[in-house]
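There are 2 protein chains.
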Amino acid sequence: MKTERRRQLSTAEERRESVLRTAIGAFAGKGYFGTTTTEVARAAGISQAYVYRLFPTKEALFTAVVEYCFHRVRAALEEGAARATGSTPEAVLDSMGDAYARLISDNDLLLVQLHAQAAAVSEPAVREAVRTGYARTVEYVRGASGAGEEDVQRFFAVGMLCHLLVSIDAEAVDAPWTRTLAKGITRY
Amino acid sequence: MKTERRRQLSTAEERRESVLRTAIGAFAGKGYFGTTTTEVARAAGISQAYVYRLFPTKEALFTAVVEYCFHRVRAALEEGAARATGSTPEAVLDSMGDAYARLISDNDLLLVQLHAQAAAVSEPAVREAVRTGYARTVEYVRGASGAGEEDVQRFFAVGMLCHLLVSIDAEAVDAPWTRTLAKGITRY
DNA sequence: ATGGGGTGTAGTCGACCACTCACTCTTTCT
DNA sequence: AGAAAGAGTGAGTGGTCGACTACACCCCAT
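From first to last, the protein sequence lines stand for chains D and W. Residue 170 in the UniProt record's numbering is what sits at position 170 of the first sequence, and the numbering runs on without skipping anything. Residue 17 in the UniProt record's numbering is what sits at position 17 of the second sequence, and the numbering runs on without skipping anything.
Following this line, the structure appears as structure tokens:
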């Protein structure tokens with residue numbers, strides 16, 4: 001009966017991952033400085049003290065969340081690339097973009113990326129996480145699609161434009177300027 | 001001699017504007033939640049209490065700063081457009097982009113825009129300020145350049161890409177991925 | 001020369017923050 | 001059975017924040 005899965009307590013590793021998952025929703029709203037560790041704890045269903053047993057500091061917690069987000073983005077891109085293997089670079093990029101659009105239909109992922117970018121300005125650890133995250137992502141997109149520099153650049157530029165559209169909830173504003181900015185961008 | 005400029009005390013209006021100008025530098029680093037009103041006061045060379053005499057709340061102060069930034073962006077774009085009147089839409093966009101690049105050679109302007117975007121997620125007043133700011137800017141760029149929707153969209157997408165590059169200080173990283181993202185983007 | 005209104009500050013206050021520690025309860029090992 | 005190891009928490013700590021009040025100062029019109 002060793003491997004019996006009936007346990008009241010989870011292992012620390014399980015907890016750490018579940019905290020990462022739920023912390024995305026917590027940080028998505030008010031970002032690194034605006035979100036308290038108490039809110040993260042409540043979202044995870046544990047005490048605030050235990051957050052500090054799982055992660056040494058708030059900063060370490062946030063950077064772990066950021067890295068987790070980049071992993072999920074990477075997974076989505078891989079799935080998109082797999083669905084278009086053997087096509088032209090442009091078609092692969094399109095498929096990746098579609099997979100990304102599907103991933104961020106839950107806005108929280110994208111909002112954490114935005115807040116991470118903002119926190120990267122003043123927090124060196126966050127900056128480092130964001131840098132390596134984008135480094136890996138850019139190189140992956142380039143390699144998996146085989147697209148030229150300009151197309152890869154446009155791919156990320158449009159991604160950044162998505163950050164803007166989501167952060168100000170442009171969907172809720174029906175005006176020429178929102179239609180111009182959102183033109184051709186898929187929403188699920 | 002009414003307009004005699006020798007005064008130790010400034011009028012509240014003058015102070016308000018000087019606070020807005022210096023507050024850009026204060027908010028540029030850690031954004032809305034991460035910057036204290038005391039820091040804003042110190043940057044302006046006044047007491048923290050006086051910040052609250054000039055602006056009713058921290059939120060009102062921040063949104064005023066955001067609006068001030070949009071005004072300066074608008075002025076730069078106008079200058080860029082003026083330098084290319086009568087050219088093709090593409091040339092006007094180029095000239096505007098160049099003027100914008102010059103404006104944000106001081107990074108603070110752009111960082112405030114980024115932080116405003118982040119704060120817009122949770123603070124309705126900030127969201128409203130950012131929305132109307134972009135609404136005006138998009139319509140101005142469209143009207144002054146006469147460019148098509150796609151070009152206008154790309155113009156702003158590249159602007160958003162600049163936000164990323166500056167926030168993670170991509171200039172300091174010499175790697176293929178940074179060169180790809182920064183390709184063709186002027187830096188002064 | 002003085003009264004009054006605008007400029008500016010010191011001091012404070014309750015709320016809340018990141019973080020700590022002593023402690024209990026559960027599971028596993030022997 | 002009993003002890004060691006690990007999961008999880010209640011109750012704080014010191015410090016700081018936004019906001020407010022009460023008061024000093026300066027300048028100009030009268």
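Even for Gly, the Cβ is constructed at its ideal location relative to N, Cα and C.
Only exposed fits Tyr188(W), as fewer than 16 other CB atoms lie within 10 angstroms of its CB. Residue environment for His71(D): exposed (fewer than 16 other C-beta atoms within 10 angstroms of its C-beta). For Tyr188(D), the secondary structure class from DSSP, reduced to helix, strand or coil, is coil. Counting only the Cα atoms, Trp177(D) lies some 9 Å from Thr137(W).
Residue environment analysis places Ala172(W) among the exposed positions, since fewer than 16 neighbouring C-beta atoms fall within 10 angstroms of its C-beta. The C-alpha of Gly133(W) is placed about 11 Å away from the C-alpha of Ile168(D). Inclusion of Leu54(W) and Arg16(W) in the CB contact set at 9 Å is warranted, their separation being smaller than that value.
Between the stretch 29–37 of chain D and the stretch 84–93 of chain D, the count of Cβ pairs shorter than 8 Å is below three; the stretches do not touch.
Below the 8 Å Cβ cutoff, chain D contributes no neighbours of Leu77(W), its closest Cβ being approximately 14 Å away. Contact annotation: in the stretch 27–47 of chain W, residues whose CB is within less than 8 Å of a CB in chain D are Ala28, Gly29, Lys30, Gly31, Tyr32, Phe33 and Gly34. Among the residues facing chain D, Leu103(W) is not included, as its CB has no counterpart in that chain under 9 Å away.
For Thr11(D) and Tyr50(D), the gap between their C-alpha atoms comes out near 13 Å. Residues of the stretch 109–121 of chain D with a Cβ closer than 7 Å to any Cβ of chain W, in chain order: Leu111, Leu114, His115, Gln117, Ala118, Ala120 and Val121. Around Ser47(D), the same chain offers Ala41 as residues with beta carbons nearer than 7 Å, after the five sequence neighbours per side are excluded. By alpha-carbon distance to Ala84(D), the top candidate from Asp98(D), Ala43(D) and Thr36(D) is Asp98(D). Taking a C-beta distance under 9 Å as the contact criterion, Leu20(D) and Val73(D) do not qualify as a contact pair. Short of 6 Å from the beta carbon of Leu111(D), and not among the five residues preceding or following it, lie these beta carbons of its own chain, in chain order: Ala28. Restricting attention to Ala120(W), Tyr100(W) and Ala81(W), the CA atom closest to the CA of Phe62(W) is found in Ala120(W).
Spatial neighbours of Leu165(D) in its own chain (CB-CB distance under 8 Å, excluding positions within 5 residues in sequence) are listed in chain order as Glu171, Thr178, Leu181, Ala182 and Ile185. Burial check for Ala82(W): the Cβ neighbour count within 10 Å stays below 16, so the residue is exposed. Proximity to Leu109(D) across Ala43(D), Thr22(D), Glu14(D) and Glu13(D) peaks at Thr22(D), based on C-alpha coordinates. For the stretch 50–80 of chain D, the set of positions with a beta-carbon nearer than 9 Å to some beta-carbon of chain W is empty. Out of Glu139(W), Ala116(W), Arg142(W) and Val141(W), the CA that lies nearest to the CA of Glu59(W) is found in Ala116(W).
Chain W places no beta carbon closer than 9 Å to that of Pro89(D), leaving this residue out of the contacts. Nearest neighbour of Thr57(W) by Cα position, chosen from Ala75(W), Thr36(W) and Ala147(W), turns out to be Thr36(W). Residues of chain W whose Cβ lies closer than 7 Å to the Cβ of Met160(D) are, in chain order, Ala157, Met160, Leu161, His163 and Leu164.
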